[in-house]
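Colleague:
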DNA sequence: ATCATTCGGTAAACCGCTCGACATGGCAAG
DNA sequence: CTTGCCATGTCGAGCGGTTTACCGAATGAT
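Protein chains in written order, with our numbering: chain G, 608 to 945; chain P, 608 to 945.
In C-alpha cells, the structure reads:
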C-alpha cells in the first residue's frame with residue numbers, strides 16, 4: 608500500500624494541488640462545492656496530510672513540550688496528574704499535541720530543553736520541573752523561544768510563569784492557625800523550589816508580625832520529594848525540637864498526611880493536642896479522618912491556564928506572562944483551637 | 608535573531624551542505640578533521656537541525672505515540688506510571704520522543720489513533736488503553752502501521768502485544784490459595800479488559816479442577832477502574848453472597864487493598880478469618896499491615912519490552928509480536944491457612 | 001456596452017534536510 | 001607511467017506540503 612499524498616488527492620478530484628491544500632486548511636477562498644468534492648476523495652482514501660511536510664512549510668509543529676520532574680514516582684503523583692490533565696485538555700482542544708519529557712540529568716546535560724525548541728520539534732515548552740538549582744534555564748531569558756514555568760517561579764530571572772500564589776497561601780494558612788490561637792507552630796517546609804521558599808518565608812513573616820501576638824515557629828525541611836514519608840520524619844523532628852507545639856503546618860498535603868500519621872502512631876490526638884494543616888487540597892485530604900484542613904490549589908486550573916498562556920505566547924498575542932492564581936482556605940477537622 | 612539552517616553552517620565552515628548533513632548524522636564517510644571543523648561551527652551557533660525537514664526527508668519522525676486510558680486520575684495511577692517510565696527510559700535511550708495521548712471519547716471518535724500514524728506524526732503506537740469494546744482497533748490488523756498493545760491482548764484480532772501472562776498469574780494465585788486449603792473463595796474480577804477476563808476464567812478453571820478437591824468461587828466485578836473503592840464495595844458484596852468464604856482474591860492490588868480495608872472496617876481479621884490476595888505487587892502492597900500477598904507483575908519491564916518491540920517492528924526486524932512476560936508469587940502476611 | 005471588482009482557483013517558489021550517484025585526488029600495483 | 005581503487009567530498013533531485021501573486025470569468029455600476 609503506497610502512501611498517498613496531497614498530489615494523489617488533487618489528481619483524483621480533478622483540482623490543483625493548491626486547492627486541495629486550501630481545502631484541508633479550511634481556507635474561505637474555496638467554494639462549498641469544491642470543498643465537498645475534494646473532501647469526498649480525502650475521506651475515500653482516509654487521507655491525512657504528512658505532518659512533517661506541513662510543519663516544514665508552515666514553520667509550526669503544533670506540538671507543546673511538557674517537562675515533568677524526575678521524581679521516583681513521577682507519574683503516580685496526583686499533584687502532577689492534575690496539572691498535566693489540565694494542559695492536555697486545553698492543548699488538545701486547540702489542536703496541539705503533547706511531547707512528554709522527564710527532567711533527568713541526561714535531559715539537562717544534553718540540553719534537550721534547548722534542542723526541542725531550536726529544532727522546532729515543539730513550538731513551546733511547559734516546564735513543571737524547576738528547582739532552585741535550575742540555573743540553566745537562563746537560556747530562556749530574552750530568548751525567542753516560548754517557555755513557561757508551570758507552578759514554579761524563578762526570582763531574579765526573566766522567565767514566564769503561571770503559578771498559584773504561594774505567598775498568599777502562606778498568609779491564609781498562618782492567619783487560620785494564628786486565629787485559632789496557636790502560638791507554637793511547627794512548619795514542615797519544602798526548600799528545593801522557590802515557591803516552597805516563598806511559602807516558608809511568608810509564613811514565618813506573618814507569624815512573627817501577628818498583631819495579636821507573635822507565634823514561635825520551628826521549621827524543618829520535609830525532603831526533596833515533598834512526600835508523605837518525608838512529612839512523617841519531619842513531624843518527629845519537629846516534636847523533638849518543640850515538644851509543646853500545638854500545630855503543624857506542612858507545605859503540601861502529602862507531608863501533612865505523613866505528619867498526621869506520625870501523630871496517630873505516637874498517640875497525639877488531632878486536632879485536640881495538635882492541629883495539622885496542609886496545602887493543595889488533594890482528594891485524599893477529604894477522606895482521611897479527621898479531614899485535613901488545607902489551602903486549596905486548583906492545579907487542574909494551573910494546567911489550563913499555563914496552556915492558554917503558552918499558546919498566547921506562541922501566537923504572539925502576549926510577550927510575557929507572570930500569573931499568580933488565587934488560593935483559598937479549606938477548613939476540615941484537623942485544625943482546632945490551640 | 609534569524610533562524611540558522613544547515614546551509615549557514617555549510618557556508619561558515621566552508622564545506623558543502625551535504626557534508627554538514629553527513630556530519631550531523633555521524634556518517635562514516637566523513638573524515639575526523641572535517642567532522643571537527645563542522646562541529647565547531649555547529650557548537651558555535653548552537654545549531655540543531657530542523658526536525659520537520661529531517662522527518663520529511665528521512666520519512667521518520669523518531670517519535671512514538673503512547674496512548675493511556677481515560678481514567679479519572681490517569682496520571683496518578685501507579686500501575687500506568689511504571690509502564691510509562693519503562694517506555695520513556697527505553698525510547699529516550701534510542702533517540703525517540705514520546706507523544707502522549709489519552710484515549711478520550713474524542714480521541715476515539717476522531718480516529719486520532721489512525722491520524723497520528725497516517726500523518727507520520729509518530730512512527731509507531733503503544734496502546735495501553737484497550738478494553739473489550741475497543742473494536743475500532745481492527746484498523747491495525749494487517750495494516751502497515753506499527754501498533755502494539757501494552758499489557759493488553761485482544762483475542763480474535765491480529766494485534767501485536769506485550770503483556771504479562773494473566774492466565775499464569777491466575778494459576779499461581781489459585782494454586783497458592785488452594786494449597787492453603789481454601790475452598791470457599793470470593794473473586795473480585797476486572798471484566799472490562801480481555802486480560803481481566805483471562806485472569807478470571809483461568810482462576811475459576813483451576814479452582815474447579817483442583818485435584819485435591821474443587822473450590823467454590825463466587826465472583827463479582829470490581830468496577831471499571833479497578834480501584835480501591837471498587838474493591839471495598841466488591842468485598843461487601845462477596846461476603847453478603849458467600850458469608851463463609853475464607854479467602855478473597857482480587858484481580859489487582861488496589862482492589863485487594865480496598866477489600867482489606869473493608870475487612871478491617873468490619874472486624875474480620877486478615878488473614879485469620881479471611882485471606883486476601885492481590886495482583887501486581889505495587890509498592891503499597893509491602894507497606895500495609897499485614898503485607899499483601901500478591902502476584903508480582905513487573906510493569907516497568909513491560910514498558911521496556913514494549914518499547915523494544917515496537918522499535919523492532921518499526922525497523923522491520925520483526926513483523927509481529929505476542930510476548931507474555933512471566934509473573935511470580937509473592938507471599939506476605941495477608942494469606943494464611945483456611 | 002465598458003470597465004472595475006469580486007470570486008474561485010492555480011502556478012510555482014519555497015521550507016530545510018537526506019541520500020544515492022558522481023567527482024576528485026592520491027597512492028599502490030602492474 | 002598507466003590503471004585501478006580507495007577515501008572523501010559534493011551535486012542535486014526529491015520529501016509533501018503552504019502560501020503568495022496572478023488570472024480568467026462572472027457580477028455590478030455607470
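Don't be surprised by glycine CBs; every beta carbon is placed ideally from N, CA and C.
When the distance is taken between beta carbons, is residue 918(G) closer than 7 angstroms to residue 856(G)?
Modeller: Cβ distance not < 7 angstroms, so residue 856(G) and residue 918(G) don't count as in contact.
Colleague: For residue 658(P), would you say it is in contact with chain G, using Cβ-to-Cβ distances shorter than 7 angstroms as the test?
Modeller: Closer than 7 angstroms: yes.
Colleague: So residue 653(G) contacts chain P; which residues on that side make the cut at Cβ distance below 8 angstroms?
Modeller: Within 8 angstroms Cβ-Cβ: 721 and 725.
Colleague: If you run the structure through DSSP and keep just helix, strand and coil, what is residue 734(G)?
Modeller: Three-state result, residue 734(G): strand.
Colleague: So, at 6 angstroms on beta carbons, what are the nonlocal neighbours of residue 738(G) in its own chain, with the 5 sequence-adjacent residues on each side left out?
Modeller: Counting only Cβ-Cβ distances below 6 angstroms, and skipping sequence neighbours, we find 799 and 800.
Colleague: Counting only beta-carbon separations shorter than 7 angstroms, does residue 662(G) have a partner in chain P?
Modeller: Taking Cβ atoms only, chain P reaches closer than 7 angstroms to residue 662(G), which makes this a yes.
Colleague: Please classify residue 878(G) as buried or exposed, where buried requires at least 16 neighbouring CB atoms within 10 angstroms.
Modeller: Buried, by the Cβ-count rule.
Colleague: Beta-carbon within less than 7 angstroms of residue 721(P)'s beta-carbon, same chain only, minus the 5 sequence neighbours each way: which residues are those?
Modeller: 746.
Colleague: With residue 625(G) as the anchor, note down where its beta strand (DSSP E) starts and where it stops.
Modeller: Premise fails: residue 625(G) lies in the alpha helix (DSSP H), 624-631, not in any beta strand (DSSP E).
Colleague: In this structure, what does DSSP give as the bridge partners for residue 697(G)?
Modeller: BP columns for residue 697(G) are empty, so no partner.
Colleague: Over the uninterrupted beta strand (DSSP E) stretch that includes residue 672(G), give me the two end residues.
Modeller: Its beta strand (DSSP E) spans residues 670-675.
Colleague: How would you write the range of the beta strand (DSSP E) that residue 649(G) sits in, first residue to last?
Modeller: Here residue 649(G) belongs to no beta strand (DSSP E); instead the alpha helix (DSSP H) covers 639-652.
Colleague: Near residue 860(P), what residues of its chain come up, given a Cβ to Cβ distance below 8 angstroms and the 5 sequence neighbours on each side ignored?
Modeller: Excluding residues within five positions, the ones whose Cβ falls inside 8 angstroms are 885, 886, 887, 888, 889, 891, 892, 899 and 901.
Colleague: Just tell me which of 702(P), 784(P) and 849(P) has its CA closest to the CA of residue 883(P).
Modeller: The shortest C-alpha separation from residue 883(P) is found at 784(P).
Colleague: Would you call residue 652(P) buried or exposed, if buried means 16 or more other Cβ atoms sit within 10 Å of its Cβ?
Modeller: Residue 652(P) is exposed by the Cβ-count criterion.
Colleague: Taking buried to mean at least 16 other C-beta atoms within 10 Å of its own C-beta, is residue 778(G) buried or exposed?
Modeller: Flag for residue 778(G) reads buried.
Colleague: Any C-beta of chain G within less than 9 angstroms: which residues of the segment 891-918 of chain P qualify?
Modeller: Result list empty, no residue passes.
Colleague: Report buried or exposed for residue 927(P), applying the criterion of at least 16 other Cβ atoms within 10 angstroms of its Cβ.
Modeller: Burial call: exposed.
Colleague: Check whether chain P comes within 7 angstroms of residue 697(G), counting only Cβ atoms and requiring the distance to be less than that.
Modeller: Taking Cβ atoms only, chain P never reaches closer than 7 angstroms to residue 697(G), which makes this a no.
Colleague: For residue 903(P), which beta-bridge partners are listed by DSSP?
Modeller: Partner(s): 887(P) and 935(P).
Colleague: Under the assumption that residue 671(P) contacts residue 703(P) (Cβ atoms under 8 angstroms), give the Cβ distance between them as a whole number of angstroms.
Modeller: Indeed, because the Cβ distance is near 5 angstroms, the residues count as touching under 8 angstroms.
Colleague: By the criterion of Cβ-Cβ separation under 9 angstroms, what are the contact partners of residue 706(P) in chain G?
Modeller: Residues of chain G passing the Cβ test: 670, 704, 705, 706 and 707.
Colleague: For residue 943(P), is the classification buried or exposed, using 16 other Cβ atoms within 10 angstroms of its Cβ as the cut-off for buried?
Modeller: Buried: at least 16 other Cβ atoms inside 10 Å.
Colleague: Could you give the C-beta distance for residue 730(P) and residue 667(P), rounded to a whole number, given that I count them as a contact under 8 angstroms?
Modeller: Confirmed, Cβ separation roughly 6 angstroms.
Colleague: Within the same chain, show all residues whose beta-carbon is closer than 6 angstroms to that of residue 723(G), passing over the 5 residues directly before and after it, in chain order.
Modeller: For residue 723(G), where only same-chain residues beyond five positions count, the Cβ hits under 6 angstroms are 672 and 729.
Colleague: Could you check where the alpha helix (DSSP H) with residue 720(G) kicks off and where it finishes?
Modeller: Note, residue 720(G): alpha helix (DSSP H), 719-725.
Colleague: Would DSSP call residue 909(P) helix, strand or coil?
Modeller: In the structure shown, residue 909(P) sits in a helix (DSSP, three-state: H, G or I).
Colleague: Would you tell me roughly how many angstroms separate the C-alpha atoms of residue 642(P) and residue 718(G), rounded to the nearest one?
Modeller: If you take the alpha carbons of residue 642(P) and residue 718(G), they lie about 21 angstroms apart.
Colleague: Residue 769(G) lies in the beta strand (DSSP E); which residues open and close that run?
Modeller: Start and end: 768-771.
Colleague: Using 7 angstroms as the limit for Cβ to Cβ distance, is residue 778(P) near chain G?
Modeller: Taking Cβ atoms only, chain G never reaches closer than 7 angstroms to residue 778(P), which makes this a no.
Colleague: Which residue's Cα is closest to the Cα of residue 765(P): 773(P), 774(P), 755(P) and 771(P)?
Modeller: Selected option, being the one with the closest Cα: 755(P).
Colleague: Residue 713(P) to residue 696(G), Cα distance in whole Å?
Modeller: If I take the Cα positions, the gap works out to 11 angstroms.
Colleague: What does the alpha-carbon distance come out to for the pair residue 868(P) and residue 858(P)?
Modeller: Residue 868(P) and residue 858(P): Cα-Cα distance of roughly 16 angstroms.
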